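The block underneath contains the structure these notes are about, expressed in structure tokens.
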Amino acid sequence: MIEFINVSKSYDRGIKALDNVSVRIDKGEFAFLVGPSGSGKSTFLKLMIREETATSGKILIDGKDVGRLKQKDIPYFRRKIGFVFQDFRLLYDRTVEENIVFALRVIEASEKDIRIQLKNVLAMVGLTGKEKFYPNQLSGGEQQRVSLARALATKPPIIIADEPTGNLDPTTADGIFKTLLEINARGTTILVVTHAKDIVDKLNKRVISLDHGRIVKDSQRGGYQI
Amino acid sequence: MKTRTYLIKEGYNNLRKHGTKTISTIFIICATMLVLGIFIILFQNVNKNVQTVRLEQGLQAFIDDSATQDDVEYMMDEIKQIPGVKDVTYLNKDQAYEDAKEVFSGLDYFLDGIENLQIFPASFVVRFERIEDSETVKSEVEKIDGIYKVKYNETTIQAVIAISKVANVFLLGVGGVLLVVSIFIISNTIKLAVYSNKREIFIMKYIGATNKFIKTPFVIEGALMGLIAALISFVLISLGYVVLYARAPQIQASLGVFGFLPYSNLWHQILGIYIILGLFIGIFGSSISIKKYLKV
Chain A
4 MIEFINVSKS
14 YDRGIKALDN
24 VSVRIDKGEF
34 AFLVGPSGSG
44 KSTFLKLMIR
54 EETATSGKIL
64 IDGKDVGRLK
74 QKDIPYFRRK
84 IGFVFQDFRL
94 LYDRTVEENI
104 VFALRVIEAS
114 EKDIRIQLKN
124 VLAMVGLTGK
134 EKFYPNQLSG
144 GEQQRVSLAR
154 ALATKPPIII
164 ADEPTGNLDP
174 TTADGIFKTL
184 LEINARGTTI
194 LVVTHAKDIV
204 DKLNKRVISL
214 DHGRIVKDSQ
224 RGGYQI
Chain B
22 MKTRTYLIKE
32 GYNNLRKHGT
42 KTISTIFIIC
52 ATMLVLGIFI
62 ILFQNVNKNV
72 QTVRLEQGLQ
82 AFIDDSATQD
92 DVEYMMDEIK
102 QIPGVKDVTY
112 LNKDQAYEDA
122 KEVFSGLDYF
132 LDGIENLQIF
142 PASFVVRFER
152 IEDSETVKSE
162 VEKIDGIYKV
172 KYNETTIQAV
182 IAISKVANVF
192 LLGVGGVLLV
202 VSIFIISNTI
212 KLAVYSNKRE
222 IFIMKYIGAT
232 NKFIKTPFVI
242 EGALMGLIAA
252 LISFVLISLG
262 YVVLYARAPQ
272 IQASLGVFGF
282 LPYSNLWHQI
292 LGIYIILGLF
302 IGIFGSSISI
312 KKYLKV
């Protein structure tokens with residue numbers, strides 16, 4: 004569960020990125036976060052993973068007050084959230100398998116868990132058989148699947164995807180969203196930041212619209228509207 | 022693979038990835054260690070020779086001119102009773118004059134006309150059972166009434182001691198500068214390593230890596246550089262000393278009393294100091310950069 008309670012965030016020189024935002028995304032929900040550039044979407048995500056701290060208000064993730072986390076607890080907290088980036092952020096000198104195992108090593112998983120999870124996530128994102136490929140040998144869509152597999156490997160209850168299809172053609176983008184829906188069907192909460200109007204309209208999921216740091220619309224079964 | 026093994030492997034991979042930089046860093050640490058190694062060898066050899074000479078020649082205790090023959094006998098008995106004294110010899114003023122003539126050999130015209138003035142003081146030459154007793158014996162002798170000055174009889178190696186003191190200061194100075202340079206260079210290498218691993222570090226942070234997990238490979242990279250430099254330096258200095266020791270008879274002949282310690286007495290000390298120093302330079306140097314450039 005993700006809950007923002009009267010959250011505001013101001014940067015230096017008085018720029019207000021978020022202005023009294025209150026929103027709640029329940030466990031197992033699939034939601035889109037939309038809005039024009041500079042509307043506060045990135046700040047919203049950064050606050051969620053405690054890359055930034057709110058100027059005022061409270062953020063609860065899985066019942067934990069993110070703003071009150073001790074520095075040493077932040078890494079463990081971040082393991083609850085899998086992050087998928089627009090530009091994939093893969094390690095290009097490592098194979099698909101090594102990229103995924105890297106995430107599992109980071110959380111200090113056991114050898115047994117690494118083996119099991121690797122197999123599971125590769126199957127989940129449809130990359131079984133491509134373990135030994137390097138990212139450059141894969142298409143954009145496949146690279147994003149590796150990024151997705153890496154995010155899933157640590158079994159986070161929440162997945163944040165920041166413009167996951169921004170660099171992909173529509174057909175490939177459809178495939179990525181199909182996979183995200185499948186992951187959501189298994190109980191993972193998913194929050195997708197996107198500009199992909201067609202997909203948002205087609206999926207008919209919850210849409211939270213941000214503009215000038217405020218939530219201007221929150222429709223349970225909405226289309227892309229700013 | 023355990024996390025610890027993984028982190029060590031990552032540190033080693035970093036080391037290989039930054040090949041040229043790694044080699045030049047190891048090279049400068051080696052230079053530091055070689056200078057320090059020469060210092061240790063020189064210091065230990067001079068120290069050993071000083072001890073040998075002290076043991077052979079003992080100390081000289083000068084007697085007040087006012088002392089009577091009875092006083093001298095009494096003092097001699099006192100000295101003999103000090104624990105650690107091997108033997109005591111009395112040198113009267115005439116013998117002192119003869120000794121002086123020996124010291125001034127070739128320039129003994131300086132002493133012309135003073136042979137009857139008896140200006141050279143009578144003294145005892147006290148030798149020790151063991152070199153470890155020398156300081157306690159010296160302080161006990163100093164306490165005896167009628168003795169006004171006590172010094173080690175080490176005129177023969179005074180020049181060696183003086184030269185080695187200058188050399189030690191010089192070597193320590195150069196070593197100190199090189200140590201600072203080494204730490205600076207290693208921290209610079211690690212800084213570049215941090216930059217070149219920026220992508221990994223970014224991803225690690227998002228996945229939830231602990232600070233320790235992110236930092237450890239860099240510390241290991243630094244420590245490995247220090248250790249490799251320690252081993253290379255140890256091989257180089259060992260070869261150097263063995264070659265020098267093989268020529269020891271000629272060198273000893275030209276330096277007079279000076280004798281070399283066998284390497285079997287030195288190698289463990291040098292290896293130990295090198296390993297500790299290598300780890301110190303590596304870990305300290307990398308920690309500086311990690312603290313400064315790795316905001317996790």
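Respectively, the protein sequence lines represent chains A and B. When the letters of the first sequence are read in order and numbered with my numbering, they come out as residues 4 to 229. When the letters of the second sequence are read in order and numbered with my numbering, they come out as residues 22 to 317. All C-beta atoms, glycine included, are put in the ideal place defined by N, C-alpha and C. Predicted model, so just to flag it, every value in this text is computed and none were measured.
Contact of B/R220 with chain A by beta-carbon distance below 8 Å involves R92, L94. Taking B/N286 as reference, the option from B/V56, B/I62, B/V171, B/I44 with the minimal CA-CA separation is B/I62.
For B/M225, the C-beta contacts it makes with chain A under 7 Å involve V109, in order along the chain. Using a CB distance below 7 Å, the part of the stretch 68–81 of chain A facing chain B consists of P78, Y79, R81, ordered along the chain. Residue state for A/F86 is assigned as strand, using DSSP reduced to three classes. With a threshold of 8 Å between beta carbons, A/A164 makes no contact with chain B.
The Cβ atoms of A/I211 and A/A34 sit closer than 8 Å to each other. When secondary structure is reduced to three states using DSSP, A/K122 falls in the helix class. DSSP places A/L107 in the uninterrupted alpha helix (DSSP H) bounded by 99–109. DSSP, read as helix, strand or coil, puts A/S150 in helix.
Under the DSSP assignment, B/T110 falls in the beta strand (DSSP E) whose first and last residues are 106–112. At least one C-beta of chain B is nearer than 8 Å to the C-beta of A/T157. Taking the CA atoms as reference points, B/N70 sits about 15 Å from B/Y266. The continuous beta strand (DSSP E) containing A/N23 extends over residues 19–28. At the C-beta level, A/A156 and A/V124 come within 8 Å of one another. Classified as buried, A/A106 has 16 or more neighbouring CB atoms from the shown chains inside 10 Å of its CB.
Rounded to the nearest whole angstrom, the CA to CA distance from B/Y111 to B/F281 is 32 Å. If the five residues before and after B/L192 are omitted, its C-beta is found closer than 8 Å to the C-beta atoms of V56, L57, I59, F60, L63, all from its own chain and listed in chain order. Put simply, the CB of A/F86 is near chain B, with a gap under 8 Å to one of its CB atoms. Here the alpha carbons of B/G167 and B/D91 stand approximately 12 Å from one another. C-alpha of B/K172 to C-alpha of B/G299: approximately 41 Å in a straight line. By the rule that beta-carbons nearer than 8 Å mark a contact, A/A20 does not touch chain B.
The bridge partners DSSP lists for B/A82 are B/F145, B/V171. With respect to the 8 Å criterion, A/D22 and A/G216 are classified as neighbours on the basis of their beta carbons. For B/A230, the closest Cβ of chain A is nearer than 8 Å. Note on geometry: alpha-carbon atoms of A/S45 and A/P39 lie some 11 Å from one another. Using a 10 angstroms sphere on the CB of B/F145, the tally of other CB atoms reaches 16 or more, which defines it as buried. In the three-state DSSP reduction, B/T210 falls in the helix class (H, G or I).
Residues of the stretch 23–51 of chain B with a C-beta atom less than 7 Å from some C-beta of chain A are T24, Y27, listed in chain order. DSSP places B/E163 in the uninterrupted alpha helix (DSSP H) bounded by 155–164.
The straight-line gap separating the alpha-carbon atoms of A/V37 and B/L200 is approximately 56 Å.
Per DSSP, reduced to three states, the secondary structure at A/G129 is coil, with no helix or strand assignment. Distances from the alpha-carbon of B/S259 to those of B/H289, B/I235, B/M246, B/V240 put B/H289 closest. Distance from the Cα of B/V147 is smallest, within the candidate group B/S217, B/V109, B/G293, B/I224, for B/V109. Residues of the stretch 143–156 of chain A with a C-beta atom less than 7 Å from some C-beta of chain B do not occur. Your pair A/T98 and A/Y137 checks out as a contact, with CB atoms roughly 6 Å apart and the cut at 8 Å.
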